[in-house]
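Asks: Residue numbers (the working numbering): 31 to 629. For every residue, glycine included, the Cβ atom is placed at its ideal position computed from N, Cα and C.
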Amino acid sequence: MCGIFGYIGEKEAASILVKGLKRLEYRGYDSAGICVLNKNEVFLIKGKGSINDIYHPENFQDIKGTIGIAHTRWATHGAPNEVNAHPHADCKKEIIIIHNGIIENYSALRKILEKEDHKFLSETDSEIFAHLIEKFYSGNLEGAVSKALKLIEGTFGLVVIHKNNEEIVVAKRSSPLILGIGENEIFIASDAAPIMDYTNKVIYLEDDDIATIKKSSYSIKNLKEEEITRDVHEIKWNIDQIEKKGFKHFMLKEIFEQPEALENVLRGRIKEDLVKLTVDFDINKLNRVVITACGTSWHSALIGKHLIEKISKIPVEVDYASEFRYRNSLVNENDLMIVVSQSGETADTLAALKEAKSKNVKVLGIVNVVGSTISRMVDSGIYLHAGPEIGVASTKAFTSQVMALLLFALFIRQKKGLSLDKNLLEEISSLPKKLIEVLNKSEEIKEIAEIFKSSTNFLYLGRGINFPVALEGALKLKEISYIHAEGYPAAEMKHGPIALIDENMPVVFLATNGTVFEKVLSNIEEVRARGGRIITITDRDDSNIKRLSDYIIKVPATMEELSPIINSIPLQLLAYHIADLKGLDVDRPRNLAKSVTVE
Ligand code: AGP
Numbered sequence: 031m032c033g034i035f036g037y038i039g040e041k042e043a044a045s046i047l048v049k050g051l052k053r054l055e056y057r058g059y060d061s062a063g064i065c066v067l068n069k070n071e072v073f074l075i076k077g078k079g080s081i082n083d084i085y086h087p088e089n090f091q092d093i094k095g096t097i098g099i100a101h102t103r104w105a106t107h108g109a110p111n112e113v114n115a116h117p118h119a120d121c122k123k124e125i126i127i128i129h130n131g132i133i134e135n136y137s138a139l140r141k142i143l144e145k146e147d148h149k150f151l152s153e154t155d156s157e158i159f160a161h162l163i164e165k166f167y168s169g170n171l172e173g174a175v176s177k178a179l180k181l182i183e184g185t186f187g188l189v190v191i192h193k194n195n196e197e198i199v200v201a202k203r204s205s206p207l208i209l210g211i212g213e214n215e216i217f218i219a220s221d222a223a224p225i226m227d228y229t230n231k232v233i234y235l236e237d238d239d240i241a242t243i244k245k246s247s248y249s250i251k252n253l254k255e256e257e258i259t260r261d262v263h264e265i266k267w268n269i270d271q272i273e274k275k276g277f278k279h280f281m282l283k284e285i286f287e288q289p290e291a292l293e294n295v296l297r298g299r300i301k302e303d304l305v306k307l308t309v310d311f312d313i314n315k316l317n318r319v320v321i322t323a324c325g326t327s328w329h330s331a332l333i334g335k336h337l338i339e340k341i342s343k344i345p346v347e348v349d350y351a352s353e354f355r356y357r358n359s360l361v362n363e364n365d366l367m368i369v370v371s372q373s374g375e376t377a378d379t380l381a382a383l384k385e386a387k388s389k390n391v392k393v394l395g396i397v398n399v400v401g402s403t404i405s406r407m408v409d410s411g412i413y414l415h416a417g418p419e420i421g422v423a424s425t426k427a428f429t430s431q432v433m434a435l436l437l438f439a440l441f442i443r444q445k446k447g448l449s450l451d452k453n454l455l456e457e458i459s460s461l462p463k464k465l466i467e468v469l470n471k472s473e474e475i476k477e478i479a480e481i482f483k484s485s486t487n488f489l490y491l492g493r494g495i496n497f498p499v500a501l502e503g504a505l506k507l508k509e510i511s512y513i514h515a516e517g518y519p520a521a522e523m524k525h526g527p528i529a530l531i532d533e534n535m536p537v538v539f540l541a542t543n544g545t546v547f548e549k550v551l552s553n554i555e556e557v558r559a560r561g562g563r564i565i566t567i568t569d570r571d572d573s574n575i576k577r578l579s580d581y582i583i584k585v586p587a588t589m590e591e592l593s594p595i596i597n598s599i600p601l602q603l604l605a606y607h608i609a610d611l612k613g614l615d616v617d618r619p620r621n622l623a624k625s626v627t628v629e
């Protein structure tokens, strides 16, 4: 989703801004722009497409200036084009702004400003900021921003410069903004990735903070214009972790990082057959767990439901965060809410969290990005420590989320005074090695991808704890290959989707050992009888599977509780290879954003 980067210091800003925007590319965008200030002159370039379409080094040779702001836009109000791309300027072209978020009362504000003769160029809600700040500006940029913010309903990560001022003013509400503190230079960004090239010292701004930034100092105020202080944090991961390290795509690298990611989520959390977590709730009052999330994280939540109910015997409800937030859910202080989010910035998940907190529900976060908004708002949390996930299609975060939910299920069981299954604990520790075995099948899976890359539809079928894996496999394929795919509980197929099956329909079955293996086998028979083309993920040497399947991807045997983690890997690889063989931009699929910060 939209990305923000800004620089103020002693170096030429233009090349720093371009590099920063490239670091933000993974968030997904459809247009971009850069503005550099040089001795009261404004240089502004923006347009539709990728940063490379907009940025040509020859245009930048003469651009001098040590203050600049830059933006990648993911269209919400108005088509992706040059006019709608950020930055936006006021009528006099003196005040330049970039904005992430949504101004809900923009139509009303635009009407008022137009009556006052402000001329709008774009269809965006963001341009309001440039004109509103212009209206209040009389030499004090921070003061004008503060007045403008008082009229805004909505969310913002806002960055403002004035051509005559050697400063950048920023403000935030429900849209992340981070300051990177360097030596005689300060960076502003919507996430840490572009800052990490220069410094690991960061300040996470809080809602309604307004910061005025100069090259070697900054001050932060609240909306009442009172000075406030924010802690400087040190980011622990380094720049190597956001490089491709020889892999063709970030997604492939991240798929291959899963054994290590699992080790990281487990590290220090199982000791002497006990699960160690710091989770803030009263076990004696716990009636129910409610998990909310979006997309892939919602799929891991569905797996979490199976695990928590089976292992800890506590009922679990799983809701899409976007549905939970508006449906007046009957949660109360005897429930525990878990929010699952890779980015920790997803707008709907954040809103669900706030809704739960307003009803005195304790919230536990399962989050990957350290310091993200959700991670700072929850009562307690389990960080995934999976490292930065750059590919838009989530992979290592998903399997790490499943493992975190399993740890949570074991932790609750332990808190209830019940003993933990030693075999399961042992199997958990041997899982990273088993993932390596599956990853070694990448070339074999690529051959299957070659056969099916021109298919226009796919069905993914699984049962029980592997039904959400089918959903996730279908989502991965849709996201990056643009092939229509549906995930279904295998038994539901006969209630409708079976009508789709013919010799052109590839059907991926999850048929690993477990309580429903025989049932899945019957469902495979049903597809075979109708001529569907069957790809089966299995850990069994089963003669029926061999007879019925066109292609088999053999995975190592594990316990049923852990099968979703193993079974997800071949589905990720299948989606990856199909998309790559089709020549698609795997890491930046069309229309998608890495972190969805609008509802
Ligand atoms: C995953 O492949 C997707 N790109 C998407 O569904 C994602 O999982 C969803 O937007 C939720 O994101 P979060 O985990 O960062 O909250």
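(1) If you scan the region 466 to 515 from start to end, which runs of the beta strand (DSSP E) of 3 or more residues do you find wholly inside it?
(2) Following a CB-centred definition, is Ile370 positioned closer than 8 Å to any heavy atom of the ligand AGP?
(3) Quick check: Gly77 and Ala100, are their CB atoms within less than 9 Å of each other?
(4) Ala174 to Thr242, Cα distance in whole Å?
(5) Is Thr259 buried or exposed, if buried means 16 or more other CB atoms sit within 10 Å of its CB?
(6) Considering only residues of the same chain and omitting the five flanking positions on each side of Glu157, which have a CB-CB separation below 6 Å?
(7) In whole angstroms, give me the CA-to-CA distance for Lys446 and Asp312.
(8) Report the residue from Val370, Gly95, Ile333 and Leu360 whose alpha carbon sits nearest the alpha carbon of Ile495.
(9) Beta carbon of Lys690, beta carbon of Ile420: below 9 Å?
(10) Taking Leu394 as the reference, which of Asn487, Phe354, Ile596 and Val319 has the closest Cα?
(11) Which of the three DSSP states, helix, strand or coil, is assigned to Tyr350?
(12) Taking the DSSP output, what are the residues bridged to Asp238?
(13) Starting from Thr379, trace the beta strand (DSSP E) both ways and give me its first and last residue.
(14) On the DSSP bridge list, what partners appear for Val369?
(15) Taking three-plus beta-carbon pairs below 8 Å as touching, is the region 342 to 357 in contact with the region 433 to 451?
(16) Helix, strand or coil: how does DSSP classify Tyr606 here?
(17) Would you call Thr326 buried or exposed, if buried means 16 or more other Cβ atoms sit within 10 Å of its Cβ?
(18) Taking Cβ to Cβ, would you say Leu51 is nearer than 9 Å to Thr102?
(19) CA-CA distance, Glu124 and Ile97?
(20) Return helix, strand or coil for Pro117, following the three-state DSSP convention.
(21) Over what stretch of residues does the alpha helix (DSSP H) that includes Glu157 continue unbroken?
(22) With a CB to CB cut of under 6 Å and the five nearest residues on each side skipped, what residues in its chain are close to Phe354?
(23) So, does the region 593 to 611 touch the region 459 to 471, judging by three or more C-beta pairs under 8 Å?
(24) Going by the DSSP bridge assignment, what does Ser410 pair with across the sheet?
(25) Can you tell me whether Gly374 is buried or exposed? The criterion is at least 16 other CB atoms within 10 Å of its CB, across all chains shown.
(26) According to DSSP, which residues form a beta bridge with Phe35?
(27) So the beta strand (DSSP E) Ser249 belongs to, where does it begin and stop?
(28) Under 8 Å Cβ to Cβ from Pro519, same chain only, skipping five residues before and after it: list those, please.
(29) Is the beta carbon of Leu307 closer than 9 Å to that of Phe441?
(30) Look up Ser61 in the DSSP assignment and say whether it is helix, strand or coil.
(31) Please tell me whether, using a cut-off of 8 Å, the distance from the CB of Ile624 to the nearest non-hydrogen atom of the ligand AGP is below it.
(32) What are the boundary residues of the alpha helix (DSSP H) that includes Tyr136?
(33) By alpha-carbon positions, which one of Asn390, Thr106, Leu360 and Ser552 ends up nearest to Asp60?
(34) Three Cβ pairs or more, each shorter than 8 Å: is that satisfied between the region 109 to 116 and the region 132 to 148?
(35) Less than 8 Å between the CB atoms is what I'm expecting for Ile300 and Leu435, so what's the real figure, rounded?
(36) So who's on the other strand from Thr568, going by DSSP bridges?
Replies: Answer, in terms of the structure:
(1) Qualifying beta strand (DSSP E) stretches, in chain order: 487 to 492.
(2) For this step, residue 370 is matched to residue 340 along the sequence shown. Per the sequence presented here, residue 370 reads as Val, with Ile not at that position. Yes - the ligand AGP has a heavy atom lying nearer than 8 Å to the Cβ of Val370.
(3) Working through the sequence shown from its first residue, we reach residue 77 at position 47. Working through the sequence shown from its first residue, we reach residue 100 at position 70. Not in contact: Gly77 and Ala100 (Cβ atoms no closer than 9 Å).
(4) Counting from 1 along the sequence shown, the entry for residue 174 is found at position 144. Counting from 1 along the sequence shown, the entry for residue 242 is found at position 212. Between Ala174 and Thr242, the C-alpha separation is close to 12 Å.
(5) The count along the sequence shown starts at 1 and reaches residue 259 at position 229. Under this definition Thr259 is an exposed residue.
(6) Translated into positions along the sequence shown, residue 157 becomes position 127. Once the five neighbours on either side are set aside, the close Cβ partners of Glu157 are His118 and Phe150.
(7) As a position in the sequence shown, residue 446 is number 416, starting the count at 1. As a position in the sequence shown, residue 312 is number 282, starting the count at 1. Each residue's alpha carbon lies about 11 Å from the other.
(8) Walking along the sequence shown from the start, residue 495 turns up at place 465. Residue Ile333 is the option with its Cα nearest to Ile495.
(9) This structure cannot speak to residue 690, because the chain is shown only from 31 to 629.
(10) Walking along the sequence shown from the start, residue 394 turns up at place 364. It is Val319 whose Cα lies nearest to the Cα of Leu394.
(11) For the purposes of this step, residue 350 is taken as residue 320 along the sequence shown, with counting starting at 1. The answer is strand: DSSP assigns Tyr350 an E or B state.
(12) Within the sequence shown, residue 238 is the residue found at index 208, counting from 1. None, per the DSSP bridge assignment.
(13) In the sequence shown, residue 379 corresponds to position 349, counting from 1. Where Thr379 is concerned, there is no enclosing beta strand (DSSP E), although the alpha helix (DSSP H) it sits in stretches over Ala377 to Ser388.
(14) Indexing the sequence shown from 1 puts residue 369 at position 339. Answer is Thr322 and Gly395, bridged to Val369.
(15) yes
(16) Position 576 of the sequence shown, counted from the first residue, corresponds to residue 606. Three-state result, Tyr606: helix.
(17) Here the question's residue 326 lines up with position 296 in the sequence shown. Residue burial is scored here from C-beta neighbours: Thr326 has at least 16 other C-beta atoms within 10 angstroms and is therefore classed as buried.
(18) In the sequence shown, the residue the question calls residue 51 occupies position 21. In the sequence shown, the residue the question calls residue 102 occupies position 72. Remark: C-beta atoms of Leu51 and Thr102 approach each other more closely than 9 Å.
(19) Stepping through the sequence shown from its first residue, residue 124 is reached at position 94. Stepping through the sequence shown from its first residue, residue 97 is reached at position 67. Each residue's alpha carbon lies about 14 Å from the other.
(20) Residue 117 sits at position 87 when you count from the first residue of the sequence shown. Of the three classes helix, strand and coil, the one that applies to Pro117 here is coil, per DSSP.
(21) Start at 1 with the first residue of the sequence shown, and residue 157 comes out as number 127. Here the alpha helix (DSSP H) through Glu157 covers Glu157 to Phe166.
(22) On the sequence shown, position 324 is the one that residue 354 refers to. The answer, listed in chain order, is Thr322 and Ala382.
(23) yes
(24) The residue labelled residue 410 in the question sits at position 380 within the sequence shown. Beta-bridge pairing links Ser410 to Leu394.
(25) Here residue 374 refers to the residue found at position 344 when the sequence shown is read from its first residue. The residue is buried, with at least 16 neighbouring Cβ atoms inside 10 Å.
(26) Here residue 35 is taken as the residue at index 5 of the sequence shown, counted from 1. Phe35 is bridged to Ala100 and Ala219.
(27) As a position in the sequence shown, residue 249 is number 219, starting the count at 1. Segment Ser247 to Lys251, the beta strand (DSSP E) holding Ser249.
(28) Here residue 519 refers to the residue found at position 489 of the sequence shown. Leu491, Gly492, Arg493, Phe497 and Ala500.
(29) As a working mapping, residue 441 is identified with position 411 in the sequence shown. As a working mapping, residue 307 is identified with position 277 in the sequence shown. In this structure, Leu307 lies closer than 9 Å to Phe441 by Cβ.
(30) The residue given as residue 61 occupies position 31 in the sequence shown. Strand.
(31) On the sequence shown, residue 624 is found 594 positions in, with the first residue counted as 1. The displayed chain sequence assigns Lys, not Ile, to residue 624. Yes, the Cβ of Lys624 comes within 8 Å of a heavy atom of the ligand AGP.
(32) As a working note, residue 136 is residue 106 in the sequence shown. Here the alpha helix (DSSP H) through Tyr136 covers Tyr136 to Lys145.
(33) Against the sequence shown, residue 60 aligns to sequence position 30. Measuring from the Cα of Asp60, the nearest candidate turns out to be Thr106.
(34) no
(35) As a first step, residue 300 must be located in the sequence shown, where it is residue number 270. As a first step, residue 435 must be located in the sequence shown, where it is residue number 405. Not really, about 14 Å apart at Cβ, beyond 8 Å.
(36) The sequence position of residue 568 within the sequence shown is 538, counting from 1. Answer is Lys584.
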